[in-house]
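Here's the structure, in structure tokens; my notes come after.
Protein chains: 2
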Amino acid sequence: MIKFFKYNWQVRDEWFDWCNLLTPDELLKDRRGGVGNILYTLFHIIDVEYSWIRGIQGKDDIAFPFADYNTLEKVKSLSDTFRNEIVVDLKTILEESREELVNVSWDEDKYTKDEILHHIIAHEIHHIGQLSVWARELDLRPVHTNFISRKL
Amino acid sequence: MIKFFKYNWQVRDEWFDWCNLLTPDELLKDRRGGVGNILYTLFHIIDVEYSWIRGIQGKDDIAFPFADYNTLEKVKSLSDTFRNEIVVDLKTILEESREELVNVSWDEDKYTKDEILHHIIAHEIHHIGQLSVWARELDLRPVHTNFISRKL
Numbered sequence: 000m001i002k003f004f005k006y007n008w009q010v011r012d013e014w015f016d017w018c019n020l021l022t023p024d025e026l027l028k029d030r031r032g033g034v035g036n037i038l039y040t041l042f043h044i045i046d047v048e049y050s051w052i053r054g055i056q057g058k059d060d061i062a063f064p065f066a067d068y069n070t071l072e073k074v075k076s077l078s079d080t081f082r083n084e085i086v087v088d089l090k091t092i093l094e095e096s097r098e099e100l101v102n103v104s105w106d107e108d109k110y111t112k113d114e115i116l117h118h119i120i121a122h123e124i125h126h127i128g129q130l131s132v133w134a135r136e137l138d139l140r141p142v143h144t145n146f147i148s149r150k151l
Numbered sequence: 000m001i002k003f004f005k006y007n008w009q010v011r012d013e014w015f016d017w018c019n020l021l022t023p024d025e026l027l028k029d030r031r032g033g034v035g036n037i038l039y040t041l042f043h044i045i046d047v048e049y050s051w052i053r054g055i056q057g058k059d060d061i062a063f064p065f066a067d068y069n070t071l072e073k074v075k076s077l078s079d080t081f082r083n084e085i086v087v088d089l090k091t092i093l094e095e096s097r098e099e100l101v102n103v104s105w106d107e108d109k110y111t112k113d114e115i116l117h118h119i120i121a122h123e124i125h126h127i128g129q130l131s132v133w134a135r136e137l138d139l140r141p142v143h144t145n146f147i148s149r150k151l
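Listed in order, the protein sequences are those of chains F and E. Under numbering that gives the first Met the number 0, the residues of the first sequence are numbered 0 to 151, in order. Under numbering that gives the first Met the number 0, the residues of the second sequence are numbered 0 to 151, in order.
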């Protein structure tokens with residue numbers, strides 16, 4: 000499980016580097032599919048990961064309006080800040096049973112911690128796949144996202 | 000690990016159903032990004048999964064030219080056939096140590112069985128993310144791919 004988180008974080012950082020090829024307007028330009036633009040995709044991935052990790056721990060959800068984080072630097076900084084917390088929290092979560100049901104404010108259903116961890120992982124990989132199509136639409140080579148060769 | 004395989008297979012079957020909304024020409028139409036068209040994406044996912052699972056078991060790679068499988072029915076049938084084999088093989092693979100290095104004909108590097116299993120899983124989710132963008136370009140709602148709620 001931890002290898003997938005490390006994979007997602009490594010690939011995400013490579014996309015942050017890739018984003019430097021684009022202007023702020025291109026990062027925020029409306030695109031078909033996904034959540035609508037490149038920078039918001041990265042913000043959304045980070046927000047979803049952080050919310051669910053807090054949810055697993057029984058902590059309240061904190062709202063982070065995208066309007067306050069709509070530059071590459073701010074989204075990258077948010078990712079770094081949350082990751083420092085998540086690295087520690089995840090260690091605890093993975094050491095304990097993951098069969099406990101979790102109740103969160105934004106969803107009526109309950110899910111096991113294990114189900115939520117799988118969800119966070121698949122969610123990020125799915126959205127990163129969307130970025131790769133938008134990259135080609137911009138005539139740019141997407142980040143190489145193979146899992147193998149990363150020695151995670 | 001097995002939950003991610005079950006997730007990918009369930010989502011893949013939902014995309015096969017979704018493909019019935021399209022004509023054969025639309026399924027094969029050139030698109031920007033990914034591996035270039037919708038049907039070949041599904042074929043490629045299946046081919047990569049099967050090749051690596053055989054590789055883990057030390058079996059020879061078998062070439063399946065897309066030209067022989069370029070209809071929705073044939074690709075779905077290939078997916079079903081391979082899955083019946085993989086379900087059994089995966090059970091054995093997951094019961095044994097996954098730290099052993101694997102040598103395959105199409106790659107000079109060696110990877111652990113564990114690394115390859117992670118690769119297969121992330122590879123499919125990534126390409127499915129690409130299908131979701133192409134679906135919106137066709138003004139169609141993509142398959143809902145959340146991991147939670149699937150009770151896997």
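Even for Gly, the Cβ is constructed at its ideal location relative to N, Cα and C. Predicted model, so just to flag it, every value in this text is computed and none were measured.
* Asked: So what does DSSP say about residue 46/E, is it helix, strand or coil?
  -> For residue 46/E, the secondary structure class from DSSP, reduced to helix, strand or coil, is helix.
* Just reading off the beta strand (DSSP E) that residue 109/F is part of, what are its end residues? -> It spans 106-111 - the beta strand (DSSP E) in which residue 109/F sits, taken as one unbroken run.
* Residue-level contact to chain F via CB, residue 114/E, 8 Å cutoff -> Yes, because at least one Cβ of chain F sits closer than 8 Å to the Cβ of residue 114/E.
* Mind the definition here: the region 93-105 of chain E touches the region 64-79 of chain E only if three or more C-beta pairs lie below 8 Å; say whether that holds. => Between the region 93-105 of chain E and the region 64-79 of chain E there are fewer than three inter-stretch CB-CB distances shorter than 8 Å, so the stretches are not counted as touching.
* To do: Over the uninterrupted beta strand (DSSP E) stretch that includes residue 103/F, give me the two end residues.
  => Bounds of the beta strand (DSSP E) holding residue 103/F are 100-103.
* What's the C-alpha gap between residue 128/F and residue 127/E? -> In a straight line, the C-alpha of residue 128/F is about 7 Å away from that of residue 127/E.
* Tell me, please, whether the region 108-116 of chain E touches the region 102-121 of chain F by the rule of three or more beta-carbon pairs shorter than 8 Å. => Flag = no, the region 108-116 of chain E and the region 102-121 of chain F do not touch.
* Option nearest residue 85/F by Cα separation, candidates 105/F, 54/F, 102/F and 99/F -> That would be 54/F, whose Cα lies nearest to the Cα of residue 85/F.
* Asked: How big is the Cα-Cα spacing for residue 45/E and residue 44/F?
  -> Roughly 27 Å between the two C-alpha positions.
* To do: Please confirm if the region 128-145 of chain E is in contact with the region 14-29 of chain E, defined as three or more CB-CB distances below 8 Å between the two stretches.
  => With a cut-off of 8 Å, the region 14-29 of chain E and the region 128-145 of chain E count as touching, because enough Cβ pairs lie within range.
* Asked: From the beta carbon of residue 128/E, is the nearest beta carbon of chain F less than 8 Å away?
  -> Yes, its Cβ sits closer than 8 Å to a Cβ of chain F.
* Starting from the C-beta of residue 50/F, find all residues in its chain whose C-beta is less than 6 Å away, skip the five residues before and the five after it, and write them out in chain order. => The answer, listed in chain order, is 60.
* **Candidates 149/F, 79/F, 87/F and 150/F: closest to residue 41/F by CA position** => Of the listed residues, the one whose Cα sits closest to residue 41/F is 79/F.
* To do: Could you tell me whether any Cβ in chain E is nearer than 8 Å to the Cβ of residue 144/F?
  => With a threshold of 8 Å between beta carbons, residue 144/F makes contact with chain E.
* To do: Please name the residue in 1/E, 6/E and 0/E whose C-alpha comes closest to that of residue 147/E.
  => Distances from the alpha-carbon of residue 147/E to those of 1/E, 6/E and 0/E put 6/E closest.
* **Distance CB(residue 132/F)-CB(residue 132/E) smaller than 8 Å** => Cβ distance < 8 Å, so residue 132/F and residue 132/E count as in contact.
* Inter-residue Cα distance where the pair is residue 106/E and residue 58/F -> Using only the alpha carbons, I get a separation of about 45 Å.
* To do: Report buried or exposed for residue 100/E, applying the criterion of at least 16 other Cβ atoms within 10 angstroms of its Cβ.
  => Result: exposed.
* Asked: Does the beta-carbon distance from residue 144/E to residue 34/E come in below 8 Å?
  -> Residue 34/E is positioned such that its CB atom lies no closer than 8 Å to that of residue 144/E.
* Asked: By Cβ distance, which residues of its chain are closer than 7 Å to residue 32/E, with the 5 residues on each side in sequence left out?
  -> So the qualifying residues of the chain are 129.
* To do: Could you tell me the boundaries of the alpha helix (DSSP H) in which residue 95/F lies?
  => Run containing residue 95/F: none; DSSP gives neither H nor E here.
* To do: Taking residue 69/E as the reference, give the member of 118/E, 14/E, 26/E and 103/E with the closest Cα.
  => Its Cα nearest to that of residue 69/E, the residue 26/E stands out among 118/E, 14/E, 26/E and 103/E.
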